[in-house]
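Residue numbers (the numbering used here): 25 to 168.
Built from N, CA and C at the ideal position, the CB exists for glycine as well.
These numbers were taken from a predicted model, which means no experiment stands behind them.
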């Protein structure tokens, strides 16, 4: 087989481009509840709608309503979104200079199951969005 020539590099977001700390978000979700952050995370992972959320079959608003009702929380959607996004570290793992260098020889892409609360274009205040619209990266499907 002849030498393969790579033309693109596809990155995952979580733990590759952005650090993820689930319990930073779970601390916020557990606030005011009789549950520990670990209890909240366990309840979410074992929730019958978790896969629907992960696979895009439930809207952010419906996920918020479902989860706050199930946990007994009273967060507004805006509060819930802010707490949910605490899981994402705003400081990227890879440097701009590395991405720039790679982009000179390869097409760079991001592929992820990042949920719509993180990706909402209306919520551009989230600190990681500039990384997703980085001049060297593109997201298949048009989210840039």
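List the endpoints of the continuous beta strand (DSSP E) containing residue i.
i	result
residue 115	112–116
residue 42	42–44
residue 101	Run containing residue 101: none in the beta strand (DSSP E); it sits in the alpha helix (DSSP H), 101–108.
residue 32	32–35
So, for residue i: in the same chain, excluding its five sequence neighbours on each side, which residues have a beta-carbon less than 7 Å away from its beta-carbon?
i	result
residue 111	44, 45, 46, 48, 49
residue 96	57
Going by Cα to Cα distance, which pick from the options is closest to residue i?
i	options	result
residue 114	42, 32, 123, 92	42
residue 61	36, 108, 74	108
residue 38	125, 123, 88, 116	116
Residues in its own chain within less than 8 Å of residue i by CB, not counting five upstream and five downstream?
i	result
residue 98	56, 92
residue 63	54
Determine whether the beta carbon atoms of residue i and residue j lie at a separation below 8 Å.
i	j	result
residue 82	residue 94	no
residue 130	residue 33	yes
residue 77	residue 65	no
Taking the alpha helix (DSSP H) that residue i belongs to, which residues open and close that run?
i	result
residue 132	Run containing residue 132: none in the alpha helix (DSSP H); it sits in the beta strand (DSSP E), 131–134.
residue 84	84–95
residue 123	120–127
residue 76	74–78
residue 63	61–69
Given residue i, which residues of its chain have a CB within under 6 Å of its CB, disregarding the five upstream and five downstream residues?
i	result
residue 122	none
Worksheet item: Is the stretch 35–55 close to the stretch 103–114, with three or more CB pairs under 8 Å?
Response: yes
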